[in-house]
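Position one of the sequence shown corresponds to residue 167 (this note's numbering), numbered consecutively onward.
By construction, the Cβ of each residue, glycine as well, lies at the ideal position given by its N, Cα and C atoms.
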Amino acid sequence: MRGADYVIRRRDVHAERDQLGHRVRTPLCHLQTPGSGFTRPTVTFRPDLWPSSSFSLFRTLYICKSNRSDIPSPLLPERYYWDSKLRIPTADYQEVLEDDKAALAWLLALRRVGIVYLKGAPAQQGQVSRLAKRIGYLRLTFYGHTWQVQDKPMANNVAYTSGKLSQHTDYPALHFAPGVQFLHCINQAVEGGESEVVDGFHAAEQLQREDPEAFSTLSSLHVDFTDTGTDYCDFMLQSKKCIIDVDAEGRVARINYNNATRDSVLDLPLHQVQPFYRALRSYVDVMNRPENVVTYRMEPGDLVTFDNWRLLHGRRSYVSNPGRLRHLEGAYLDWDEVMSRLRILRRKVHGDA
């Protein structure tokens with residue numbers, strides 16, 4: 167023993183040598199120059215030394231921190247499921263931009279609850295881009311880096327009308343849909359236009375409990391989503407997805423639901439068509455239950471951030487007034503960038519990742 171360090175020996179600690187070897191940063195073990203070629207070494211372990219007759223020192227704390235077998239998930243915090251009683255977490259826009267603790271609290275709540283409301287942003291375009299720079303960078307889509315949600319003549323998207331928007335997730339027609347959405351209210355309609363959100367994971371959990379057959383159908387049958395048009399550029403999208411994605415442990419991981427872009431052709435064997443529609447109807451009924459829907463009204467300067475893989479969102483119809491046009495600016499980010507910034511902020515604020 168050498169204080170907090172010790173030489174790794176088989177009798178001292180039960181550790182996987184190939185795991186420790188992966189962490190040894192010597193010229194013998196890791197690529198040192200970008201131009202070097204990769205070879206596949208043959209490694210034979212001896213009781214105390216590496217094949218080069220060298221040994222490595224590892225701090226006890228390092229080995230303990232490297233053992234993550236007792237950590238439920240690397241993507242902490244654990245999610246909190248909710249219904250219509252939810253009080254949406256709220257943060258101050260300027261504090262999030264300027265203070266690391268406030269920014270960390272925002273991202274932790276976004277990960278756990280799936281939605282956070284930011285108050286006090288200037289009621290002018292460009293605020294979603296400013297907020298995105300706090301994390302990393304915006305996701306470019308076929309509607310651009312940012313997009314303006316307004317009642318437009320000859321609209322190429324149902325969102326760009328004054329009509330009702332049913333519950334949906336954005337961009338299931340993309341193989342990798344954006345993970346996080348920002349919506350900033352610049353101007354609100356005089357009448358109508360309230361926003362609605364549903365915890366899609368909570369609704370899926372209810373479906374699994376009440377109608378296991380429907381849950382199994384929606385989490386195993388792949389259906390087509392398509393989207394064609396012109397905005398930032400021409401696009402013709404198509405993907406095949408389950409309505410409910412589950413992970414290796416069978417837990418709900420993502421919701422892919424948008425009736426406006428679900429293909430009119432249901433590419434399923436005949437005997438699966440009716441079970442699919444029955445299951446989808448059952449899930450839609452669950453998500454639209456009043457006890458599952460949270461309704462809120464955005465006012466100029468409000469900015470909502472939410473998990474597009476989890477939340478279903480919609481909008482009530484509104485009266486389009488030429489003197490006061492409803493105007494929201496939107497943008498997307500990917501969860502990879504969000505989680506990266508969360509880890510960086512957690513290390514800065516708390517000294518861990």
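| Asked | Found |
| --- | --- |
| Do you know offhand how far P338's Cα is from S220's? | 52 Å |
| Am I right that T427 and F391 are in contact with their C-beta atoms under 8 Å? What's the rounded C-beta distance? | 5 Å |
| Give the range of the beta strand (DSSP E) segment to which E362 is assigned. | 361-365 |
| Touch check for the segment 439-458 and the segment 364-383: three-plus C-beta pairs under 8 Å? | yes |
| Along the chain, where does the alpha helix (DSSP H) that runs through Q293 open and close? | 293-299 |
| Just to check my reading of the structure: R305 and D500 have Cβ atoms closer than 8 Å, yes? What is that Cβ distance to the nearest angstrom? | 5 Å |
| Rounded to the nearest angstrom, what separates R512 and E465 at their Cα positions? | 31 Å |
| Does A268 come within less than 8 Å of chain C when only Cβ atoms are used? | Among the chains in the structure shown there is no chain C, since it carries only a single protein chain. |
| Which residue's Cα is closest to the Cα of A257: F348, Y398, R447, W272? | W272 |
| Considering only residues of the segment 350-438, which uninterrupted alpha helix (DSSP H) runs meet the minimum length of 4 residues and lie entirely inside it, listed in chain order? | 366-376, 378-384 |
| Quick one: Cα of L491 to Cα of Y309, how far? | 20 Å |
| Please classify H516: does DSSP put it in a helix, a strand, or coil? | helix |
| Can you tell me the Cα-Cα spacing of R253 and L436, whole angstroms? | 44 Å |
| Who are the near neighbours of H479 in its chain, counting only those whose CB is closer than 6 Å to its CB and skipping five residues on each side? | V363 |
| Taking the alpha helix (DSSP H) that R278 belongs to, which residues open and close that run? | 266-279 |
| Pick helix, strand or coil for Y498, following the three-state DSSP scheme. | strand |
| Using three-state DSSP, classify N454 as helix, strand or coil. | coil |
| For V389, which residues of its own chain have a beta-carbon under 8 Å away from its beta-carbon, when the five flanking residues on both sides are left out? | K406, K407, C408, I409, R428, D429, L432, D433, L434, F442 |
| Please state whether the Cβ-Cβ distance between L270 and L469 is less than 8 Å. | no |
| Sorted by chain position, which residues of the same chain lie with C-beta nearer than 8 Å to A497's C-beta, five sequence neighbours on each side aside? | V294, S295, A298, L304, R305, H311, T312, W313, Q347, F348 |
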